[in-house]
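Data block below; observations after.
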Amino acid sequence: MDKGEQLCEAARNGDGDKVKALIDSGAEVSYFDSDGLTPLMHAAKLGHANVVKILLEDGAPWNALSPSNLSAGDFAMDSGHQEAFEVLLNAGIQAELILGTMARTAKKNGDSTGDYLDDRVSFSEDKLMDSNSKAVMMAWEKPLMEAHAKAVCSGGGHILNIGFGMGLVDTAIQQYAPVTHTIVEAHPEVYKRMLQTGWGKKGNVKIIFGRWQDVLSELESYDVLLTLFIMPQLSCEITHTLPANSEVLKHLLICLLAWFIIKACIFFDTYGEYYEDLREFHQHLPKLLKPGGIYSFFNGLCGGNAFFHVVYCHLVSLELENLGYSTQLIPLPVKNCLGEDVWEGVRQKYWHLDTYYLPVCQPLQDSE
Ligand SMILES: C[S@@+](CC[C@H](N)C(=O)[O-])C[C@H]1O[C@@H](n2cnc3c(N)ncnc32)[C@H](O)[C@@H]1O
């Protein structure tokens, strides 16, 4: 038996000493056996957390996939081996944190949406497609978008949505009659369609055409403008009852009202961007989201693999926590709205999981 096979056997047996000895004698930790499984997958499948640790410390890839697209973490998770699962989860988070830092150091200055935004898109009743037949947005997400709208609209009257797509979330947001509803959309054809379908004529809607990266300054000043111009009007009814010379009191009242009433809530769902772009958007949240505000985003992170999805749910929650936000992940079953026929004509199935975890983020001081 060659060393790779011996390593798989020792991993299956949970024999840590043998695993170490084999690695020291040159056995390959990233060996795939004839079934396409690695020693780490064998150890995880049988819940040998000690061996999982040894293999990871010696460089075994936490994210290698079996022929059926399962990672060691999926095997541990599916078999209910909590300790092995947690070891793998931490390894995944650490590795992705380091990878993210490296990506930022090597900072790609190119914009990820560049190509998509220059290409044609096509609209049909149940989907919006890019020029490569990849789905930009699909109608099966309607219940998810409605749940996102409910989450952000319960937080306040000023809603900002990044990415119009099929307008599913915006249609749902309109049901809550927000005071203002700002939509940022970067694709010229999607923007054109928004205007054709009357979104430019809705009283409370403001459309900002452009990439969110390029219009951020408008969004930040938009928030300030609300405080300066809308609040005095809203508070006028109250302040006119005050004595004429109580200007200071009026301003104090306005500031107080602004603090309590203006809660800018935000939803983010773009296309053709990467985790790094979402992460970059999160760096701007402190300037965009007021106390009491709620933030949510389309959580399609690694929607092709259950374990990778868990890793990214943890990663994004951790990174948001470092920025001062708590994240609650609300499970929504999606199995019923997702038959295989939904994907007909779509080049890449972007969601494979049975449960969608809807993120609801709030400033930490609000959730305490
Ligand atoms: C997945 S769709 C949004 C779907 C939407 N939530 C809905 O309910 O229909 C993504 C949208 O974001 C737009 N988009 C992509 N990159 C963008 C960017 N950098 N800034 C603003 N919009 C962007 C795309 O053109 C597309 O319309």
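Every number in the numbering used here is 4 more than the matching position in the sequence shown, counting from 1. The beta carbon of each residue, even a glycine, is placed where N, CA and C say it ideally should be. The structure presented is a predicted model; accordingly, all values stated were derived computationally and were not measured.
Quiz item: Roughly how many angstroms lie between the CA atoms of Thr359 and Met5, to the nearest whole one?
Solution: 42 Å
Exercise. Determine the closest residue to Arg197 out of Met170, Thr105, Glu145 and His286, with distance taken between C-alpha atoms.
Key: Met170
Exercise. Identify whether Pro147 lies in helix, strand or coil by the three-state DSSP scheme.
Key: In this structure, Pro147 counts as helix in the three-state DSSP scheme.
Self-check item: Proximity of Ala181 and Glu150 at Cβ, strictly below 8 Å
Solution: no
Practice problem: For the segment 273–340, list the alpha helix (DSSP H) runs that are entirely contained and at least 4 residues long, ordered along the chain. | Solution: Listed in chain order, the complete alpha helix (DSSP H) runs (minimum 4 residues) inside the segment 273–340 are 279–292 and 310–326.
Quiz item: Between the C-alpha atoms of Val173 and Gly297, what's the straight-line distance to the nearest angstrom?
Solution: 18 Å
Exercise. Evaluate Arg124 with the Cβ neighbour count: other Cβ atoms within 10 Å of its Cβ, from every protein chain shown; 16 or more gives buried, anything less gives exposed.
Key: exposed
Quiz item: For Trp355, does the count of other Cβ atoms within 10 angstroms reach 16, so buried, or fall short, so exposed?
Solution: buried
Quiz prompt | Closest residue to Pro367 among Gly328, Leu336, Ser321 and Lys339 (Cα-Cα distance) | solution = Gly328
Quiz item: Under 7 Å from any heavy atom of ligand 1, does the C-beta of Phe168 make it?
Solution: Result yes, Cβ under 7 Å from ligand 1.
Quiz item: Near Leu223, what residues of its chain come up, given a Cβ to Cβ distance below 7 Å and the 5 sequence neighbours on each side ignored?
Solution: Leu164 and Leu292
Quiz item: Which residues mark the beginning and the end of the alpha helix (DSSP H) in which Gln200 is found?
Solution: Pro192 to Gln200
Quiz item: Leaving out the 5 sequence neighbours to the left and right, which residues in its chain are closer than 7 Å to Ser70 when beta-carbon positions are compared?
Solution: Gly40, Leu41 and Met45
Self-check item: Three-state class that DSSP yields for Asn165 in the structure shown
Solution: strand
Quiz item: Using 8 Å as the Cβ pair cut-off and three pairs as the minimum, do the segment 51–58 and the segment 276–294 touch?
Solution: no
Quiz item: Of the choices Arg215, Glu32 and Leu362, whose alpha-carbon is the least far from that of Ala153?
Solution: Leu362
Practice problem: Measure the alpha-carbon distance for Ile166 versus Gly18 and round it to whole angstroms. | Solution: 49 Å
Quiz item: Cys341 and Trp144: beta carbons closer than 8 Å?
Solution: Yes.
Quiz item: How would you label Asp218, buried or exposed, when you count the other beta carbons within 10 angstroms and need 16 or more for buried?
Solution: exposed
Quiz item: If you compare alpha carbons, which of Glu280, Gly308 and Gln352 is closest to Leu319?
Solution: Glu280
Practice problem: Determine the direct distance from the alpha carbon of Gly207 to that of Phe312, and round the result to whole angstroms. | Solution: 42 Å
Self-check item: Where Thr186 falls: helix, strand or coil (DSSP)
Solution: strand
Quiz item: Nearest CA to the CA of Lys7: which residue from Asp78, Ala31, Ala48 and Leu60?
Solution: Nearest in C-alpha terms to Lys7, of all of Asp78, Ala31, Ala48 and Leu60, is Ala31.
Quiz item: Can you tell me whether DSSP reads Ala95 as helix, strand or coil?
Solution: helix
Quiz item: Using CA coordinates, which residue listed in Gly63, Asn94 and Asp62 is at the minimum distance from Gly77?
Solution: Asn94
Quiz item: Quick one: what does DSSP say Ala139 is sitting in, helix, strand or coil?
Solution: Taken through DSSP and simplified to helix, strand or coil, Ala139 comes out as strand.
Quiz item: Ends of the alpha helix (DSSP H) at Thr359?
Solution: Where Thr359 is concerned, there is no enclosing alpha helix (DSSP H), although the beta strand (DSSP E) it sits in stretches over Thr359 to Pro367.
Quiz prompt | From Gln178, Ser29, Lys22 and Leu357, residue whose alpha carbon lies closest to that of Val338 | solution = Leu357
Quiz item: When burial is assigned at 16 or more other CB atoms within 10 Å of the CB, is Gly3 buried or exposed?
Solution: In the structure as shown, the chain starts at 5 and stops at 372, and residue 3 therefore has no counterpart that could be examined.
Self-check item: Where Leu132 sits in the DSSP three-state scheme
Solution: strand
Exercise. Rank Leu60, Leu282, Ala139 and Ser29 by C-alpha distance to the C-alpha of Gln98 and give the top, closest one.
Key: Leu60
Practice problem: Give the straight-line distance between the Cα atoms of Glu277 and Asp122, rounded to the nearest whole angstrom. | Solution: 14 Å
Exercise. Can you say whether Ser225 is buried or exposed, counting buried as having 16 or more other CB atoms within 10 angstroms of its CB?
Key: Its pLDDT being 49, under 50, Ser225 is placed unreliably in this model, and the value from its coordinates should be taken loosely. Burial call: exposed.
Quiz item: Which of the three DSSP states, helix, strand or coil, is assigned to Lys3?
Solution: As displayed, the chain neither begins before 5 nor continues past 372, which places residue 3 out of reach and without an answer.
Quiz prompt | According to DSSP, residues forming a beta bridge with Phe79 | solution = Answer by DSSP bridge pairing: none, since Phe79 is not bridged.
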